[in-house]
Every structure is written in C-alpha cells, then in structure tokens.
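K.L.:
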Amino acid sequence: MGDAKFAMIGLAVMGENLALNIEDHGFPIAVWNREPDKTDAFVAKNPGRKVTPTKSFAELAAALERPRRIMMMIKAGAPVDQTLDNLVPHLEPGDVVIDGGNSWFKETQDRTRRLESTGIHFVGSGVSGGEEGARFGPSLMPGGSNESWEAIRAVFEAIAAKSDSGACVTHVGPDGAGHFVKMVHNGIEYGDMQLIAEAYELLRKGHGANADQLAGIFDQWNTGPLESFLIEITSKIFRKRDDETGSPLVDKILDKAGQKGTGKWTAQVALDLAVPIPTIAAAIDARVLSSMKDERVAASKVFGVDPPFPAPETFVQDVHEALYASKICSYAQGMALIQAGSREWNWSIDMREIARIWKAGCIIRAKFLDSIMRAYERNAALPNLLLDETFRDAITNAQAAWRRCVAYAQTNGIAIPALSSSLAYFDSYRTANLPQNLTQAQRDYFGAHTYQRNDLENAPFVHTDWV
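Numbering-wise (this note's numbering), the sequence shown opens with residue 153 and increments by one.
1) So what does DSSP say about PHE158, is it helix, strand or coil?
2) For TRP618, is the classification buried or exposed, using 16 other Cβ atoms within 10 angstroms of its Cβ as the cut-off for buried?
3) Hey, how far is the Cα of GLY376 from the Cα of GLN420?
4) Would you identify the three-state DSSP class for ASP458, choosing helix, strand or coil?
5) Quick one: is THR591 buried, meaning 16 or more other Cβ sit within 10 Å of its Cβ, or exposed?
6) Alpha carbon to alpha carbon, how far is ASP544 from LEU538?
7) Taking C-alpha atoms, which residue in VAL248, GLY200, LYS227 and ASP233 lies nearest to GLU217?
8) On the DSSP bridge list, what partners appear for TYR603?
9) Would you mind sorting ARG582 into buried or exposed? The rule is 16 or more other CB atoms within 10 Å of its CB.
10) How would you label HIS177, buried or exposed, when you count the other beta carbons within 10 angstroms and need 16 or more for buried?
11) Measure the alpha-carbon distance for ILE174 versus MET293 and round it to whole angstroms.
12) Is it buried or exposed for ARG508, if we count other Cβ within 10 angstroms and need 16 for buried?
13) Compare the beta carbon distance of VAL324 and ILE506 with 9 Å and say whether it is the shorter of the two.
14) DSSP has LEU292 in a bridge; who is on the other side?
15) Report the three-state DSSP secondary structure of ASP251 (helix, strand or coil).
16) Where LYS445 and ALA451 are concerned, what is the direct C-alpha to C-alpha distance, given to the nearest angstrom?
17) By DSSP's criteria, LEU216 is part of a beta bridge. Which residues make up the other side?
18) If you draw a straight line from the C-alpha of VAL614 to the C-alpha of GLN604, how long is it?
19) Taking DSSP's pairing of strands, which residues face ILE222 in a bridge?
20) What residues in its chain sit with their C-beta under 8 Å from that of GLY154, if we drop five residues either side in the sequence?
21) Please state if the CB of ALA422 and the CB of GLN346 are separated by a distance shorter than 9 Å.
Printed below as a string of structure tokens:
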C-alpha cells in the first residue's frame, strides 16, 4: 500500500491544476498521463510537492492507500472506457473511480452499473470553473452512490470553491445525476453568453457604444443584480487592446462561435423530457448560424441592412432590464430541466443545493444565484422560478423595458434570438389559453389524433368527423 491519498489520470490543463489543488490541501497525490514525458515534466515543474509519478496503472494502484480514490480528467467518450478497461483489473472492491470530464450522463449510468457490479464505485462528476477554478477552487457536481460520496467527500470539500454558503460541492444524486446537472449548467451557460452577446449587439448598434463605453457599462452592471463572472470578464474583454493595431481586440475576433456538445445534449434531453428551453435552444442555434460566415456575408449583400433608428434615451437601462429578465428565464428553463431529469431517473436532486454550489467557482456563478437558493428554501418543489415572489416582481418590473428592447431590435432588423425567445417563453408561460386548441383540432382533422374538451373536467379524448 502506497502513501498517496488520491490519484489523477490525465495531466492536461484541468487535470494538472486539480492535482496541484488537491496536493495544496494536504492530500499527497499520484499522477499518470498517457504520455510519460508529460508526467515527468509535471513533477519537475513542481519540486518539493508530495507527488508520486507513475508510468503504469499497476504502479498507480500500488501507490495509493485503500480504498483508492482515482480521478480521470480525460477526453469524454471512448477514452474513458479504454482507460477503465485497463485500470479496473488493478483495483479492488471499495475503490472509487471518478470521471471528471463532460461525459454523456447515460454513458455514466452504464459505467456505474458495470463497475458497481464488481464492487468498485464509479462517480461521474461535473467540474466547472475552467483552469483557474481547477487550480484554486471549482464548483463540483459529483453523482454516485452514498458510499462513493463519503469516500471522496473530504477531498472534494477541501478543494471546492467557497462561498458564503459553504463549499461549492454536494452529492448531487445517484449514477448520472452529476453529469446531467453539469450538462444543464453548460446549457444555461450557453444561454447566458448569448444573452450578453445580444446586449452587446444592441448597445453597439442601437446606442453606438464603443469598446471603452461598453466596458464602463458592463462595469456598472456588475455592481447590481447582474453581478456575475460572465459580466465581469466581459468588461475586461472590452478593455483589451490588440498588440498589433492598438484597437480593441474584440473587434478583431472572427464571429464564428464553437461548441463542444453539452449544449446540444441539453436541447436533445429537453425535447425527450418535454421541457421547453427556448432561450438555451436559441443560443445553440445562434452558434450554429454564426459558423455559416460565408453564407451570412453573401446574404448581407443580397438583403442589405438599413442603419437603425435612434434608440430611446432610456436604452442602456432598457437593455439592462431585458438582459436581467431574460437571464431569469434562462435559469428557470435550466432548473425546470434538472427537476424533470430528477423525476425521470429518480435522483431526488435538491434544487437549493444546486443553486448553492453554483454560487462560486463555476462559469455561471452570479449574485442572483443566492436569490434562486432562497426561492427553493421557500418552496423546495417550486415548479418554475418565474412563480417565486422575488423573480415574479423582478420580471414584472422589467417587462416594459424588455418589450421596448425586443420591439426596437425587431423593427431595426437586429438579431436577438435569445432575448426575444425569452420574452416569448414568458408570455407563453403566463397565458392561460394558448392557440394550441386549434393545433389539436388540426391534428384530429388530418390524423384522427383526438382531443379533449375544455368544458368538461377530466374529459376523455374524443375524435370528430370534421368533413
């Protein structure tokens, strides 16, 4: 039995920084990387630390105290299964293997069943916060058995980010719950980033704001209800100058956004679970459309764009209110999706805890997550954040400005898909009678799909001969 208390497989940016974070907190660590030179370089770069380099999984297993706690920070998909196939023969019942990558939660469920059947615990854990978070305190979302949580709890609570509500880690639930929550976190992140991009678009086109003015606006916004990591870094981005030209660097960046898959997964699962997430879906579509640069350039020459009409004097504040109201909708959609997943797979996810562990460390950390946490304290079974008194009042107060923004953008041909989808979501959610009575009539007309009457309680499904 070795002296290391924890192991890290994979020494790319996230694995390396997590390993240093773990060692910082008094847990001697064994490390392994597919390329042995990377392991040697890591040890050489960090002299004096309690780090045990290993070149094989047998050596890694021998370096650890029992039960072993081993974390993988490697590419999702096939590499995870290949690593498990090679690692598991060296482990014993009671050992814990943690997948900290962005794995598809259903694959995590399968891996959990496979490993648990041998007595080895498997944990699928979301890790958010990027390079800095990994090094100094991420938000952690582990899913797995109660026994696996107790085995890793001391390490995870030590290395997690800390807020005024405690360590930003909780036992999310069984099997795939942790990776599911991380997936939705990333979906909300997509929505948040797109909403901010649209606020930027409105301010530069409708208000004529330059980068310096935008930096000041976002600085100001970061002192109020919009205070968040993403608003903070946005103000810093606007201040960064291009070394070659001296102009704002943001103006030199090609407008083609990438994505790694978790946003797409969020939209797919939402469709499967019948949970509307139009803000997040609009953000995904916006990234896809952005990648069609050549087509967009050609279309701009065909259709042209007239200069926008002057915006109202209240425009900057209107954009602030529209962004805040839409942000509430984005989080409301994400939280509703987590609740639906929890019901579907019997995870018993504590929604207050999810809001709590996102208050620091993660990319979507924001001041108003405290308000979300309080909302679930008032009603643990709250079906939608829009129904909480705090967010109801915030939306009500922002509504007029929100509508002015969307109307201005649409009148002037400024694309704001996420802001406008958020408003449509709100209007649909608050409408007692939607026009889908006609949709049901059409479905019954051409496909005999039946419908229910609205003037009978618990009405049976019936079909009408419409011809």
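All C-beta atoms in this analysis are idealised placements derived from N, C-alpha and C, irrespective of residue type, glycine included.
P.N.:
Inspection of the coordinates gives the following:
1) On the sequence shown, residue 158 is found 6 positions in, with the first residue counted as 1. Three-state DSSP puts PHE158 in a strand.
2) The sequence position of residue 618 within the sequence shown is 466, counting from 1. Exposed is the call here.
3) Position 224 of the sequence shown, counting from 1, holds the residue named residue 376. Position 268 of the sequence shown, counting from 1, holds the residue named residue 420. So the two alpha carbons sit approximately 34 Å from each other.
4) Counting from one through the sequence shown, the residue named residue 458 turns up at place 306. Three-state DSSP puts ASP458 in coil, outside helix and strand.
5) Position 439 of the sequence shown, counted from the start, is the residue given in the question as residue 591. With fewer than 16 other Cβ atoms within 10 Å, it is exposed.
6) Translated into the one-based positions of the sequence shown, residue 544 becomes position 392. Translated into the one-based positions of the sequence shown, residue 538 becomes position 386. Reading off the sequence shown, one finds Arg at residue 544, where the question assumed Asp. Looking at the two C-alpha atoms, the distance is approximately 5 Å.
7) The count along the sequence shown starts at 1 and reaches residue 217 at position 65. Nearest C-alpha to GLU217: VAL248.
8) Within the sequence shown, the letter at position 451 stands for residue 603. Answer is VAL614, bridged to TYR603.
9) Taking the first residue of the sequence shown as position 1, residue 582 is located at position 430. When all chains shown are included, ARG582 counts as exposed.
10) The sequence position of residue 177 within the sequence shown is 25, counting from 1. By the neighbour-count rule (16 or more Cβ atoms within 10 Å), HIS177 is not buried but exposed.
11) Indexing the sequence shown from 1 puts residue 174 at position 22. Indexing the sequence shown from 1 puts residue 293 at position 141. ILE174 and MET293: Cα-Cα distance of roughly 16 Å.
12) For the purposes of this step, residue 508 is taken as residue 356 along the sequence shown, with counting starting at 1. Here ARG508 is buried: its Cβ has 16 or more other Cβ atoms, across all protein chains shown, within 10 Å.
13) Taking the first residue of the sequence shown as 1, we reach residue 324 at position 172. Taking the first residue of the sequence shown as 1, we reach residue 506 at position 354. At the C-beta level, VAL324 and ILE506 come within 9 Å of one another.
14) Reading the sequence shown from its first residue, position 140 is the one you call residue 292. VAL279 and VAL321.
15) In the sequence shown, the residue the question calls residue 251 occupies position 99. In the structure shown, ASP251 sits in a strand (DSSP, three-state: E or B).
16) Here the question's residue 445 lines up with position 293 in the sequence shown. Here the question's residue 451 lines up with position 299 in the sequence shown. Cα-Cα distance, rounded: 10 Å.
17) Position 64 of the sequence shown holds residue 216. Among the bridge pairs identified by DSSP, LEU216 is matched with ALA156.
18) As a working mapping, residue 614 is identified with position 462 in the sequence shown. As a working mapping, residue 604 is identified with position 452 in the sequence shown. Approximately 6 Å between the Cα atoms of the pair.
19) As a position in the sequence shown, residue 222 is number 70, starting the count at 1. DSSP lists ALA159 and VAL249 as partners of ILE222.
20) Counting from 1 along the sequence shown, the entry for residue 154 is found at position 2. The answer, listed in chain order, is ALA182, THR204, ALA214, ALA215, LEU216 and GLU217.
21) Walking along the sequence shown from the start, residue 346 turns up at place 194. Walking along the sequence shown from the start, residue 422 turns up at place 270. Contact flag unset, no.
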